[in-house]
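In the numbering used here, the protein residues as written are 41 to 137. Just so it is clear, CB atoms sit at the ideal spot from N, CA and C, and this is done for glycine as well.
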Amino acid sequence: MERRYKSLRTPDETIRLPGIAEQLVDLGDLTVGRSVQEPGWRWSTHTRPIVGGDWCMARHVGVVLSGRFGADLKDGTVLDLGRDDVYDIPPEHDGYT
Numbered sequence: 041m042e043r044r045y046k047s048l049r050t051p052d053e054t055i056r057l058p059g060i061a062e063q064l065v066d067l068g069d070l071t072v073g074r075s076v077q078e079p080g081w082r083w084s085t086h087t088r089p090i091v092g093g094d095w096c097m098a099r100h101v102g103v104v105l106s107g108r109f110g111a112d113l114k115d116g117t118v119l120d121l122g123r124d125d126v127y128d129i130p131p132e133h134d135g136y137t
């Protein structure tokens, strides 16, 4: 059986962009990561100029471990998440701290 566990202490990939750092591990058909955003980070302000597009096109499933996280969805929904909140954010959103 294929190994299905890894540690974020030794990520397969680390991504650093203005205001955000992510450690990612690849488990075959699944990528799991830890994302740390600095206060004031916003996808449309800090990440969009680098990756392009009108909205973040990734789906994000996770849990907020500390602090606050918000997301404005294209359909007008506004998410305001805090510690221990679990989320499933669809593509076409703008995330911020």
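{"Asked": "Nearest residue (CA-CA) to residue 26, options 90, 119 and 60", "Found": "Outside the displayed span of the chain (41 to 137) sits residue 26, for which this structure offers no information."}
{"Asked": "Reduced DSSP category for residue 209 - H, G, I as helix; E, B as strand; rest coil", "Found": "With the chain represented from 41 up to 137, any question about residue 209 goes unanswered, as that position is not in the structure."}
{"Asked": "The region 125-133 in contact with the region 93-110 per 3-pair CB rule at 8 Å", "Found": "yes"}
{"Asked": "Span separating the alpha-carbon of residue 87 from that of residue 55", "Found": "12 Å"}
{"Asked": "Burial state of residue 135 (16 or more Cβ within 10 Å)", "Found": "buried"}
{"Asked": "Boundaries of the beta strand (DSSP E) in which residue 74 is found, first to last residue", "Found": "71-77"}
{"Asked": "Segment limits, beta strand (DSSP E) that includes residue 104", "Found": "Segment: none, residue 104 is in no beta strand (DSSP E) and carries neither H nor E."}
{"Asked": "Enclosing beta strand (DSSP E) for residue 128 [first to last residue]", "Found": "126-129"}
{"Asked": "Whole-Å CB distance - residue 77 paired with residue 117, under 8 Å assumed", "Found": "Not quite, the Cβ-Cβ distance comes to about 20 Å (not below 8 Å), so this is no contact."}
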